[in-house]
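Novice: Provided herewith is a single structure, encoded as structure tokens, for subsequent inquiry.
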Ligand SMILES: Cc1cc2nc3c(=O)[nH]c(=O)nc-3n(C[C@H](O)[C@H](O)[C@H](O)COP(=O)(O)OP(=O)(O)OC[C@H]3O[C@@H](n4cnc5c(N)ncnc54)[C@H](O)[C@@H]3O)c2cc1C
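Residue numbers (the working numbering): 5 to 471.
Right under this line is the structure:
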């Protein structure tokens with residue numbers, strides 16, 4: 005597929021203004037920064053300001069048969085940041101589409117454009133009276149909600165997989181035509197939007213969780229590494245009793261605990277074990293909270309040797325309760341946390357197998373990940389995000405990109421984890437630069453997706469998937 009020609013670039017400039025078509029070396033170098041080496045540089049970056057301008061840019065790309073890759077804010081740190089999956093691709097960055105288009109306070113529905121960040125949505129919902137729990141992620145307040153949702157990102161508190169909170173969406177096909185998904189009879193095409201679906205999403209309507217009357221956190225120390233299988237099996241029993249709607253639970257490795265602390269902070273006693281268990285419970289009243297807390301405490305007492313219970317707090321967490329940025333990315337960086345891992349030379353790669361909620365299998369995969377990390381000299385930070393049926397084994401590899409040889413070590417460690425886990429039939433659920441191994445997807449589903457792709461994007465303009 006050809007790079008954009010001079011006449012294609014001129015057509016885009018005519019549509020959105022020359023200042024919104026970046027082709028200069030410095031601008032492309034900045035747009036191609038990533039948290040690991042060898043990500044493809046964009047050929048150009050387009051910054052349309054409206055959905056109509058976005059459609060017009062796509063029509064030009066379609067006519068010229070040149071490849072474009074949509075991003076929202078382009079802060080997909082550890083998965084490819086704002087880089088395209090192929091060289092010679094123009095990045096279509098939708099950060100200027102940053103409006104909240106609609107808010108239904110009665111039904112808890114909010115419609116946002118791709119440039120709306122978690123921090124922006126938080127401020128908006130609080131200004132509306134704070135009845136709804138603002139979604140948030142560990143990447144901090146400056147990343148796009150839509151970009152995160154489209155990658156099936158993991159939210160905090162009640163949001164877990166954010167894509168499950170999509171109520172409706174609006175998208176453009178590669179020829180600029182519009183499609184809408186949402187409550188309607190028949191098969192639901194919403195799933196086709198996620199993780200490199202062959203469309204450009206211009207708006208998403210999310211259904212929000214109500215802000216709770218009360219919430220509380222229980223943290224406990226798991227003294228020995230070999231306790232992990234029982235901790236996971238115990239959490240399954242706790243979460244399957246219907247508590248999952250008022251409770252989030254996770255288990256953090258010692259390396260993950262250390263990565264989340266500000267520089268110089270000492271590890272609190274309750275987090276000094278081989279693993280740290282944690283659960284947050286929330287409820288509409290004191291009685292409901294007491295019941296959830298009782299179950300959570302039983303889990304903590306069965307597996308922990310020290311535990312801590314926070315006082316009940318009213319309402320959803322505020323943005324001040326969370327770290328201001330992606331703290332873990334700065335784990336190996338001298339000088340403390342900042343807000344832009346791409347710019348600051350932080351090495352980050354994520355490997356996130358989705359596993360059945362079973363203790364023995366989880367322990368096997370974690371042991372493999374930790375062995376590879378130890379052999380390669382990159383301590384993996386593991387956070388198990390638990391659910392009643394499955395868990396996300398969120399494995400972060402963090403290094404200092406300025407250290408000679410560290411980029412190669414990080415990449416090798418990630419490649420080995422992917423290859424050795426694949427032998428166990430275990431795959432990351434979230435691709436890096438749109439790539440995942442073909443054997444991770446059922447052949448029949450692959451065939452169907454390829455047919456859908458060629459129907460929606462017959463000229464391969466939005467071909468971001470690399471199966
Ligand atoms: C320390 C740290 C902590 C993190 N914690 C979390 C966490 O808790 N949970 C989590 O999920 N992630 C986390 N991340 C990863 C990542 O930074 C976030 O997922 C972030 O939200 C993704 O970036 P973005 O929102 O700017 O998406 P973008 O980079 O804008 O988009 C990501 C991808 O989605 C697709 N896409 C985006 N917009 C569109 C569109 N409009 N139409 C079609 N396709 C589109 C494209 O394939 C694009 O490459 C963390 C990263 C770091 C470094």
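Here a beta-carbon is modelled for each residue, glycine too, at the ideal position from N, C-alpha and C.
With which residues is residue 224 paired in a DSSP beta bridge?
Specialist: 281, 311
Novice: Report the rounded CA-to-CA distance for residue 95 versus residue 443, giving the unit in angstroms.
Specialist: If you take the alpha carbons of residue 95 and residue 443, they lie about 28 Å apart.
Novice: Using 9 Å as the threshold, is the C-beta distance between residue 428 and residue 369 below it?
Specialist: yes
Novice: On the CB-based measure, 16 or more other CB atoms within 10 Å of its CB, does residue 320 come out buried or exposed?
Specialist: buried
Novice: Of the choices 237, 287, 153, 289, whose alpha-carbon is the least far from that of residue 359?
Specialist: 237
Novice: Can you tell me the Cα-Cα spacing of residue 470 and residue 439, whole angstroms?
Specialist: Its pLDDT being 44, under 50, residue 470 is placed unreliably by the model, and the measurement read from it follows with that caveat. Going by the C-alpha atoms only, they are around 5 Å apart.
Novice: Among 355, 357, 330, which one has its Cα closest to the Cα of residue 345?
Specialist: 330
Novice: Taking just the CA atoms, how far does residue 408 sit from residue 210?
Specialist: Residue 210 and residue 408: Cα-Cα distance of roughly 44 Å.
Novice: Inspect the beta-carbon positions of residue 62 and residue 177 and report whether they are closer than 9 Å.
Specialist: yes
Novice: Apart from the five residues just before and just after residue 51, which ones in its own chain have a Cβ nearer than 6 Å to its Cβ?
Specialist: 24, 97, 100
Novice: Within the same chain, show all residues whose beta-carbon is closer than 8 Å to that of residue 133, passing over the 5 residues directly before and after it, in chain order.
Specialist: Correct list, in chain order: 109.
Novice: Flag residue 79 as yes when its Cβ comes closer than 8 Å to any non-hydrogen atom of ligand 1, and as no otherwise.
Specialist: yes
Novice: Taking all protein chains shown into account, decide if residue 257 is buried (16 or more other Cβ within 10 angstroms of its Cβ) or exposed.
Specialist: It is buried - the Cβ of residue 257 has at least 16 other Cβ atoms within 10 Å.
Novice: Check whether the stretch 110 to 119 touches the stretch 149 to 156, taking contact to mean three or more Cβ pairs, one atom from each stretch, closer than 8 Å.
Specialist: Flag = yes, the stretch 110 to 119 and the stretch 149 to 156 touch.
Novice: Give me the Cα-Cα distance between residue 422 and residue 396, rounded to the nearest whole angstrom.
Specialist: 15 Å
Novice: Heavy atom of ligand 1 less than 8 Å from the Cβ of residue 125, yes or no?
Specialist: It does not: the Cβ of residue 125 is nowhere closer than 8 Å to a heavy atom of ligand 1.
Novice: Spatial neighbours of residue 372 within its chain, please: CB distance less than 7 Å, with the 5 preceding and 5 following residues excluded, ordered by chain position.
Specialist: 424, 425
Novice: Tell me the DSSP secondary structure of residue 169 in three-state form.
Specialist: It is helical.
Novice: May I ask you to report which of helix, strand or coil DSSP gives residue 16?
Specialist: helix
Novice: As a quick exercise: from 87, 146, 112, pick the residue whose alpha carbon is nearest that of residue 343.
Specialist: 146
Novice: Under 8 Å by Cβ, that's how I've got residue 92 and residue 47 pegged, so tell me the actual separation to the nearest angstrom.
Specialist: 6 Å
Novice: Short of 6 Å in beta carbon distance, which residues of its chain neighbour residue 193, apart from the five on each side in sequence? Order them along the chain.
Specialist: 185
Novice: Flag residue 332 as yes when its Cβ comes closer than 8 Å to any non-hydrogen atom of ligand 1, and as no otherwise.
Specialist: Under cutoff, so the answer is yes.
Novice: Tell me whether residue 339 is buried or exposed, calling it buried when 16 or more other Cβ atoms sit within 10 Å of its Cβ.
Specialist: exposed
Novice: Is residue 470 helix, strand or coil when you go by DSSP?
Specialist: Any reading at residue 470 is ruled out, since the residue's pLDDT is 44, under 50, leaving its predicted position unreliable.
Novice: By alpha-carbon positions, which one of 365, 375, 398 ends up nearest to residue 355?
Specialist: 398
Novice: Considering residue 366, what are the terminal residues of the alpha helix (DSSP H) in which it resides?
Specialist: 363 to 380
Novice: Suppose you measure from the CA of residue 349 to the CA of residue 42; what does that come to, to the nearest Å?
Specialist: 14 Å
Novice: Counting only the same chain and skipping the five closest in sequence on each side, list residues whose C-beta sits under 7 Å from that of residue 13.
Specialist: 25, 27, 48
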